[in-house]
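Structure, as structure tokens:
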Amino acid sequence: MTQEDETTILLPITGMACEGCVAAVKAALASVDGALSVQVSLEKKQAVVRYRPSEASMDDFRRAVEAAGYGTGV
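Heads up: take any position in the sequence shown, counting from 1, add 21, and you land on our numbering.
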């Protein structure tokens, strides 16, 4: 796989209040087909997702976060 086969996005996340929220957001993002790695920061209220754009889009990740009960601010 080359770097052209993957990309990284930063998603602002709203509604997180604890580490349980972080775990829920991380699980939701990781469940999206094409997700390669997910990092979620409660302090920064954001997620960094590395993924394959041929398999997923930013909208897929936004919908996953919203389905888990959180917002993305995008």
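Even glycine gets a Cβ: it sits at the ideal position worked out from N, Cα and C.
- By alpha-carbon distance to Ser52, the top candidate from Glu76, Gly92, Asp26 is Glu76.
- Just so you know, the alpha carbons of Met79 and Lys65 end up roughly 19 Å apart.
- Burial of Ala68 is indicated by the presence of at least 16 other C-beta atoms within 10 angstroms of its C-beta.
- For the pair Val43 and Val59, the CB atoms are not nearer than the 8 Å cut-off.
- Val70 places its beta carbon less than 8 Å from that of Thr29.
- Residue burial annotation: Leu32 is buried, with at least 16 other C-beta atoms found within 10 angstroms of its C-beta.
- DSSP places Arg71 in the strand class (E or B) of the three-state scheme.
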